[in-house]
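Student: I'd like to ask you about the structure that follows.
In full-length UniProt numbering, the protein residues as written are 1 to 181.
Listed below in structure tokens is the structure:
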């Protein structure tokens with residue numbers, strides 16, 4: 001997911017990071033109708049700071065999506081180092097469900113903003129790569145990370161449309177039991 005931009009000062013980067021975290025929470029909770037004023041307030045910055053960095057809500061949604069994909073993919077090696085293999089995979093899968101809930105809330109705008117097929121495929125490859133890094137010898141031979149990603153996508157669609165994270169967790173457990181050797 002290429003992003004051509006100049007490096008921000010440390011304080012500006014902290015503000016942007018706080019904005020993107022607050023935006024992800026707001027979009028996951030309120031969808032694309034989330035208030036940018038509320039996002040700025042939750043991030044602890046002024047509305048001018050938000051608009052200087054993200055002149056439109058669409059640009060904020062796009063940046064939030066990219067930020068959440070990066071965070072999710074970057075979490076895989078840390079989880080693998082900190083947790084037993086199956087727990088690392090489970091934790092990552094639950095984070096994926098949370099990511100998808102945020103994406104679902106931004107869905108209509110994302111369909112307009114992210115129209116590049118190459119970018120969509122690159123994102124999918126990044127997510128599958130994160131899953132592949134978590135699949136270990138404890139998982140059934142021949143398990144394909146793309147298949148796991150598709151199964152997680154199905155789980156997230158069901159659980160998000162019914163606003164049932166508890167259902168997603170139960171379905172992740174079923175998926176994991178099917179993956180284990």
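Glycine included, each C-beta is placed from N, C-alpha and C at the ideal position.
By Cβ distance below 7 Å, which residues in the same chain neighbour residue 75 in space, the five residues on each side in sequence not counted?
Tutor: Correct list, in chain order: 92, 95.
Student: Which runs of the beta strand (DSSP E) at least 3 residues long sit entirely within the stretch 4-62? Give them in chain order.
Tutor: For the stretch 4-62, not a single whole beta strand (DSSP E) run of length 3 or above is found.
Student: Work out the CA separation of residue 157 and residue 127 for me, nearest whole Å.
Tutor: Their backbone Cα atoms lie some 16 Å apart in a straight line.
Student: Considering only residues of the same chain and omitting the five flanking positions on each side of residue 34, which have a CB-CB separation below 8 Å?
Tutor: Within the same chain, residue 34 has close Cβ partners 23, 26, 27, 105.
Student: For the stretch 71-89 against the stretch 42-60, are there 3 or more C-beta pairs whose distance is under 8 Å?
Tutor: Not touching, per the Cβ criterion.
Student: Among 70, 80, 101, whose alpha-carbon lies nearest the alpha-carbon of residue 164?
Tutor: Looking at the Cα atoms, 101 is the closest of the given residues.
Student: Using three-state DSSP, classify residue 180 as helix, strand or coil.
Tutor: Residue 180: strand per DSSP, three-state reduction.
Student: Whole angstroms are fine: how far does the CA of residue 162 sit from the CA of residue 51?
Tutor: Their Cα atoms are separated by approximately 33 Å.
Student: Ends of the alpha helix (DSSP H) at residue 135?
Tutor: Where residue 135 is concerned, there is no enclosing alpha helix (DSSP H), given that its DSSP letter is neither H nor E.
Student: Tell me, please, which residues DSSP counts as bridged to residue 139.
Tutor: BP columns for residue 139 point to 180.
Student: Report the three-state DSSP secondary structure of residue 162 (helix, strand or coil).
Tutor: Here residue 162 sits in coil by DSSP.
Student: Could you check how far apart the C-beta atoms of residue 32 and residue 61 are, in whole angstroms? I think they sit under 8 Å.
Tutor: Their Cβ separation, rounded to whole angstroms, is 7 Å, which keeps residue 32 and residue 61 in contact under 8 Å.
Student: Residues in its own chain within less than 6 Å of residue 136 by CB, not counting five upstream and five downstream?
Tutor: Result list for residue 136: 85, in chain order.
Student: Excluding sequence positions up to five away, which residues of its chain have a Cβ less than 7 Å from the Cβ of residue 133?
Tutor: Taken in chain order, the residues that qualify are 76, 77, 80.
Student: Going by C-alpha distance, which of 146, 138, 97 is nearest residue 177?
Tutor: The candidate whose alpha carbon is nearest that of residue 177 is 138.
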